[in-house]
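Per our numbering: the sequence shown = residues 2 to 462. What follows is a short report on a single structure.
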Amino acid sequence: MKLRLNLLAALLVAALSLGAAPRYVFYFIGDGMGMGHVTTTQTYFRDVLKADKPPLMMQFPVAGIVTTYSASSPVTDSAAAGTALSTGYKTNNGMIGMNADTVKVYSITRDLINKKYGIGIITNVAPDDATPAAFYAHVPSRKMFYDIDCQAAEAKIDFLAGASLRGLQDKEGNDTDVMKRLAKNHVTVTRDLNEARKCKGRVLLLGNDSINLNNNDLGMAIDSIKGNPTLPQMTAACLDKLSRDRDRFFIMVEGGNIDHSAHANDGAAVIKGIIEFNQAIEVAYNFYLAHPNETLIVVTADHDTGGMALSGGYSAAKNDLSKIDYQRISKDRFTNEMRAQIDDKTMAFLRWEYYRKTLERDFGLDKVFTLSMDEETSLINRYKQVAGRDIGTIKGLYNVFDHFTNDLYRLFNLSCGIKWISGSHTGNPVPVYAIGVGAEQFSSLNNNTDIPGKILKAGTN
Ligand SMILES: [Zn+2]
């Protein structure tokens with residue numbers, strides 16, 4: 002009898018604690034998504050889409066601010082910021098899953114795995130890039146892709162997804178043993194979204210090399226190139242799999258290429274990237290609506306990239322975001338195409354008068370995007386330089402831009418009223434939005450190191 006009572010009491014305690022805890026945790030990280038980026042997207046919703054409401058994350062009942070400095074600098078990189086957001090420890094820029102003294106520190110995924118949570122890690126850049134890697138790897142340098150990939154193979158991640166693994170080949174282009182390690186750990190590697198969704202056991206979903214942008218990006222929303230899974234599609238597939246296979250789960254979704262387009266100072270691509278990120282949040286939000294007492298959704302960013310801001314002037318015409326719908330190609334893809342045309346010498350024979358039609362088609366030149374005489378003259382000079390193979394490169398973090406592309410996008414951004422501080426990260430704070438069980442904890446000025454502890458506290462009460 003006493004034993005039965007004890008058992009009943011134990012069951013009651015377990016039931017109470019499970020009832021209070023979010024069994025389902027979604028952690029969205031918009032890489033590089035600062036306050037200016039979300040505010041500009043909000044303005045696009047209001048002024049261009051004529052939406053009654055802002056992007057979904059901004060409708061969440063809780064909002065706060067997050068400071069992002071790293072142990073080594075007031076301006077963090079994604080490795081140190083990812084480590085802070087996953088483990089709660091500050092570290093030096095470049096380091097993942099280690100504190101500044103190179104002592105290993107652990108992601109909240111370790112605690113959650115011990116509590117039998119299934120784990121999903123999703124990004125639209127590479128799954129061995131700094132932010133996703135911070136949830137499973139420990140390396141002194143974010144560039145140690147082979148080591149990161151070996152640790153990914155060992156990590157107990159049910160669903161890992163992104164563009165490509167950079168450690169599959171060594172510097173000489175020879176295959177490493179990463180695929181063997183994945184097989185040894187019973188990881189199914191697929192490039193098919195549905196196979197990933199249906200897969201029993203661990204799965205690694207990768208993009209197609211022929212579609213991936215610069216080998217580390219599934220492709221930007223603005224380019225609309227079909228064939229690779231999108232962030233909302235991967236989030237839905239992961240959610241299907243984990244809610245089928247697991248009793249409880251944690252899913253981290255990174256909008257990785259928001260950062261890439263912000264490094265490029267490509268405002269239209271940033272806004273379209275945040276809209277796609279927002280669609281992935283909608284997938285989680287619909288799940289939340291069905292499980293409101295068991296779900297927590299936290300949306301934040303690792304840092305601000307570029308210091309994007311609307312600053313055309315005080316008239317609506319000078320801050321006209323409707324123009325971004327006329328930009329049909331990201332700066333990253335545009336500069337790649339320029340390079341290819343220079344390499345096959347098409348541009349050497351193409352006069353400005355003909356090339357100009359490309360800008361009419363892809364930027365609404367003369368229709369919504371007008372150039373002054375001086376601007377056009379300087380752009381023509383850049384065009385002639387580049388067409389004559391005098392490229393004059395500007396090195397970004399994820400790409401190298403020719404001077405013509407750089408000037409063109411700068412003028413286009415200015416014509417929309419979008420300005421940028423730099424092509425690097427800034428020390429600006431970032432937003433956090435939350436809904437669900439434990440969401441109220443985030444309604445304050447947070448340090449980035451506070452966030453994972455708060456998630457864990459909410460998730461394991
Ligand atoms: Zn960055």
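Note that CB positions come from ideal geometry on N, CA and C, so glycine has one too.
Helix, strand or coil: how does DSSP classify residue i here?
i, result
"R167", "coil"
"G437", "strand"
"A154", "helix"
"L457", "helix"
"G65", "strand"
"K116", "coil"
"N400", "coil"
"D176", "strand"
"Y147", "helix"
"L161", "strand"
"V369", "coil"
"F250", "strand"
"V76", "coil"
"K385", "helix"
"K324", "helix"
"I109", "helix"
"L50", "coil"
For residue i, count the other beta carbons within 10 Å of its own beta carbon; 16 or more makes it buried, fewer makes it exposed. Which is it?
i, result
"M221", "buried"
"Y315", "exposed"
"E354", "exposed"
"G174", "exposed"
"T465", "The structure shown does not extend to residue 465, since the chain is modelled only from 2 through 462, so no value can be given for it."
"F350", "exposed"
"T84", "buried"
"Q60", "exposed"
"M339", "buried"
"R352", "exposed"
"V104", "exposed"
"S416", "buried"
"S464", "Look at the range of the chain in this structure, 2 to 462, and you will see that residue 464 is not part of it."
"R203", "buried"
Could you tell me whether the Cβ atoms of residue i and residue j are closer together than 8 Å?
i, j, result
"P453", "G65", "no"
"F136", "L243", "no"
"G31", "G256", "yes"
"S79", "A156", "no"
"C239", "I325", "no"
"G428", "Y70", "yes"
"T301", "H426", "no"
"I259", "M34", "yes"
"D150", "V190", "no"
"M99", "V431", "no"
"T41", "I272", "yes"
"L322", "Y28", "no"
Identify, in the order they occur along the chain, each residue of the same chain with its Cβ nearer than 8 Å to the Cβ of residue i, setting aside the five sequence neighbours on each side.
i, result
"L380", "L372, F405, D408, L409, L412"
"D367", "E361"
"R357", "L366"
"A52", "F46"
List the DSSP bridge partners of residue i.
i, result
"E255", "I30, T124"
"K358", "K358 pairs with nothing; no bridge assigned."
"H426", "T306"
"N186", "Per DSSP, none; premise fails for N186."
"P432", "I66"
"D218", "V126"
"N448", "T68"
"T464", "Outside the shown range of the chain, which is 2 to 462, sits residue 464, and nothing can be said about it."
"I419", "L311"
Can you list, in chain order, the residues of its chain whose CB lies under 6 Å from that of residue i, leaving out five sequence neighbours each side?
i, result
"S444", "V63, G65"
"K455", "Q442"
"V401", "T394"
"R249", "R24, Y118"
"V369", "K324, Y327"
"S142", "G95"
Could you name the residues of the same chain whose beta carbon sits closer than 7 Å to that of residue i, not counting the 5 residues immediately before and after it, in chain order?
i, result
"S331", "M221, I223, D224, S262, D267, A270"
"S165", "A127, L207, G208, D210, N213, N216, N217"
"G168", "D129, F146, Y147, I149, D150, T177, V179"
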